[in-house]
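Visitor: Let me give you the structure first, and then I'll get to my questions.
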Amino acid sequence: MIDVHLYGKLRRFASNGSPDSDSVVSMPHREGDTVGSVVARLGIPEADLGANLFVDGHYADRRTPVADGARLGLFPDDMQLLYKWYFRPKEEGS
Amino acid sequence: MERILRVNMTSRTATFEPMPEAYRNRAGRWLTSSVVHDEVPATCHPLGPSNKVVFSPGIVTGTASPTSSRISVGGKSPLTGGIKESNAGTGWGRRLARLGIRAIVVEGQPKEKGFWLLKVDVKGATLEPADAWAGKRLSEVYPALFARFGGKAKVDICAIGAAGEFRMAAAGVCFNDQEGRPSRYAGRGGLGAVLGSKGLKAIVVDDTGAKEIPLADKAAFDQGRRKLGAALGEHAITKPKGALNSYGTAVLVNILNEAGGLPTRNFREGRFEGAAKIAGEAIFAGNKERTGAELYNHACSPGCVICCSNTWHRPDGNEHTSCIEYESDWAFGADCGIDNLDHIAELNLLCNDYGLDTIETGGTLAVAADGGLWRFGDGKRAIELLHEIGKGTPLGRILGNGAVVTGRAFGVARVPHVKGQNMPAYEPRAIKGIGMTYAVSTMGADHTSGYTIAPEILGVSGKLDPLNPDKAELARNFQYATGFLDTTGHCLFIAFAILDIASGFEGTVEECNGVLGTTWTMNDVARIGKEVLNLERDFNRRAGFTALDDRLPEFMRVESLPPHNTVWDIADDELDRVFAP
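Taken in sequence, the protein lines are chains Z and L. Just so you know, we're using numbering that gives the first Met the number 0 here: the first sequence kicks off at 0 and counts up by one. Just so you know, we're using numbering that gives the first Met the number 0 here: the second sequence kicks off at 0 and counts up by one.
Okay, here's the thing in structure tokens:
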């Protein structure tokens, strides 16, 4: 299973869309999953997605692999305030 | 004619001097750090007669440039023992700039007890007794002073609260926002205590009758401000109804929590289970429920187009406090284990009223909880403890002197500080780039001293990898660029836009040229920033700081931080390479 934590306008894709509690979608993992494939399965439009994406607390992008049991954190395009130069996408190696 | 106003609190005289030629083109942090470097003996006691407090608006402050109303405040810090520059957004500095006053230098110390108020206007500057205002909460003092001096349309006010009067090292310097609230702080480093040690309770600035700020090259200025304005209006973070305008800086609570870098319960964990309840989204939703309206944020100071300052409302819809910044929200929230926004709001309000830095105060309460004084999460008890500070009780005197003093008093080894200043809201074990900034900053642990700058613009080549300790150059260039931005008078938040939109950064330099008549290019950004940092580093060296002070506390090397379960593992010599390549 994968837990996807959704924020801002992306919360509408969770059954609990309340802005002051955790909005989490639990979904089955599929072989070869990436942030992009999970986002597509949830039906989140590309345009709604920002650059503050996390896999298990690591700064990620759409191509970052998602393992079974992972926690994703997805923030929308109007809610990205993290100073991106402090991080690097996980796929670029350790 | 640009002048310096020198206020001698020993003789209680205020005199104007011409701007020294050596300081030509200097303003904001460049000027406050220059005066502190040149005039304050580095080994002096911060609360003694030799220390000074210097105020300076930035280069473009007071002009039509967007988001440029920062006032820089400098001195020797009673919290760190080193140089301190802290800045705030307020109309106060604009009025000072329009009066042609490039700096106020407050020096000396009265032999007799008491407090005074400085009034500055087109006619000059005068001191008058202010004992009547001492000991009162700033939410009482500000309305009374506005009534006395003609209202918020006419004057802006700088003041210290009870914490400054008690000469506590967590005391900040308060300025009012556009609504006259005592809520905008040059908070860090205890400069409020230095003003308290000089008996200066308040400075009221009235610019009635002042002329517009002269522009050496109006075409360059207009071109620059338009380019900057376009970048701010276009960028997702800074545009109207963008991230900062909609959710305020507190949007970062959820983001840092996802990143595993939200320091929780005195830096024991990197995730807080109550994060969603205190984040920017919860503030927006709570206000909507309580007021029946969608409240977008407001400008803290005249001319700001980003508008990130929020309010929090009580259950009956009336305003409780402004502003719950990310750092304040975190300090009283996650760091104290408190997930109740009403309690966080009250703690924020009390800091505004007593004249305290919210970061140091929240961090201190967290250290005190670690020491067994109270239980993490007990917001009501935290509020009682804040009143102890405001009343100046013996316990309050300990807490009001910050996290290091409190850690010593309660036998706590886990004190997250650098150079005596408590860390702000980014965990260095999870975000190592900010850890490097904390370690080597001239200010002590300070997120704003190297918060943002485009490495591309500064010519750092290759893929960026701040987790890689070889990127000492990046940390250095971050701080140089910040030194420049703090000199312009712009809010650091313009960095979000001008880093991504190069023409916005060019515009920022062109505006300065327009005001000063200089021919600076992008190359001068790093040159000026370096000069600022060199002054500050030289002061700290003479005050007794060595490379051993550019370190994070020991516990971060030995205690691993969940959820990443990492320790601080940047080698000491990599930290030393930041400024000694």
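All residues carry an ideal CB built from backbone N, CA and C; glycine is no exception.
1. Between the stretch 375-397 of chain L and chain Z, which residues of the former have a C-beta closer than 9 Å to a C-beta of the latter?
2. Run down chain L in chain order and give the residues with a C-beta less than 8 Å from the C-beta of residue 20/Z.
3. Given residue 563/L, which residues of its chain have a CB within under 8 Å of its CB, disregarding the five upstream and five downstream residues?
4. Distance check for residue 77/Z and residue 8/L, CA to CA, integer angstroms please.
5. Below 7 Å CB to CB, which residues in the same chain sit around residue 49/Z once its five sequence neighbours on both sides are set aside?
6. Under a Cβ-count criterion, where at least 16 other Cβ atoms within 10 Å of its own Cβ denotes burial, should residue 62/Z be classed as buried or exposed?
7. Mind checking who residue 115/L pairs with in its DSSP beta bridge?
8. Beta-carbon of residue 2/Z versus every beta-carbon of chain B: anything under 8 Å?
9. Name the residue from 5/Z, 17/Z, 28/Z whose alpha carbon lies nearest to the alpha carbon of residue 64/Z.
10. Between residue 254/L and chain Z, is any beta-carbon pair separated by less than 8 Å?
11. Alpha carbon to alpha carbon, how far is residue 320/L from residue 347/L?
12. Cβ of residue 478/L within 8 Å of Cβ of residue 449/L?
13. Can you list, in chain order, the residues of its chain whose CB lies under 6 Å from that of residue 356/L, leaving out five sequence neighbours each side?
14. What residue ranges within the stretch 301-334 of chain L form continuous alpha helix (DSSP H) runs of no fewer than 4 residues, ordered along the chain?
15. Starting from residue 60/Z, find everything on chain L with Cβ-Cβ shorter than 7 Å and list it in chain order.
16. To be precise: take each residue of the stretch 15-36 of chain L, compare its Cβ to all Cβ atoms of chain Z, and keep it if any distance is under 7 Å. Which residues remain?
17. With burial defined as no fewer than 16 other Cβ atoms inside 10 Å of the residue's Cβ, what is the status of residue 520/L: buried or exposed?
18. Under a Cβ-count criterion, where at least 16 other Cβ atoms within 10 Å of its own Cβ denotes burial, should residue 463/L be classed as buried or exposed?
19. Any C-beta of chain Z sitting closer than 8 Å to the C-beta of residue 594/L?
20. Tell me which residues share the same chain as residue 69/Z and place their Cβ nearer than 7 Å to its Cβ, disregarding the 5 neighbours each side in the sequence.
21. Does any residue of chain Z bring its CB to less than 8 Å from the CB of residue 323/L?
22. Looking at C-beta atoms only, is the number of pairs between the stretch 358-371 of chain L and the stretch 389-404 of chain L that lie closer than 8 Å three or more?
23. What number of angstroms, rounded off, separates the C-alpha of residue 548/L from the C-alpha of residue 417/L?
24. What three-state label does DSSP hand residue 222/L in the structure shown?
25. So, does the CB of residue 16/Z fall closer than 8 Å to a CB anywhere in chain L?
26. Could you compute how far the alpha carbon of residue 273/L sits from the alpha carbon of residue 209/L?
27. So, at 7 Å on beta carbons, what are the nonlocal neighbours of residue 18/Z in its own chain, with the 5 sequence-adjacent residues on each side left out?
28. Thinking C-alpha only, which one of 539/L, 569/L, 531/L, 550/L is nearest residue 29/L?
29. Between which residues of its own chain and residue 38/L is the CB-CB distance below 7 Å, once the five residues before and five after are set aside?
30. Answer with yes or no whether the minimum CB distance from residue 56/Z to chain L is below 8 Å.
31. Can you list, in chain order, the residues of its chain whose CB lies under 7 Å from that of residue 193/L, leaving out five sequence neighbours each side?
32. Just the C-alpha distance for residue 503/L and residue 231/L, rounded to the nearest angstrom, thanks.
33. Apply the 10 Å Cβ neighbour rule to residue 181/L and answer buried if 16 or more other Cβ atoms are within range, or exposed otherwise.
34. Write down every uninterrupted run of the alpha helix (DSSP H) in the stretch 343-386 of chain L whose length is 4 residues or greater and which is fully enclosed by it, in chain order.
35. Closer than 7 Å by beta-carbon distance: list the chain L residues that pair up with residue 78/Z, in chain order.
36. Quick check on DSSP: helix, strand or coil for residue 22/Z?
Guide: In terms of the structure at hand:
1. none
2. 275, 276
3. 259, 269, 428, 429
4. 50 Å
5. 74, 75, 76, 78, 79
6. exposed
7. 128/L, 199/L
8. No chain B appears in the structure shown, which is made up of the protein chains Z and L.
9. 28/Z
10. yes
11. 7 Å
12. yes
13. 169, 171, 186, 187
14. 325-331
15. Chain L residues near residue 60/Z: none, gap ~14 Å exceeds 7 Å.
16. none
17. exposed
18. Any reading at residue 463/L must be qualified, since the residue scores a pLDDT of 46, below 50, and its modelled position is unreliable; no value is offered.
19. One cannot answer for residue 594/L here, as it falls past the ends of chain L, which runs 0 to 580.
20. 1, 54, 55
21. no
22. yes
23. 7 Å
24. helix
25. no
26. 50 Å
27. 10
28. 531/L
29. 51
30. yes
31. 45, 46, 50, 52, 74, 77
32. 8 Å
33. buried
34. 357-369
35. 242, 246, 250
36. strand
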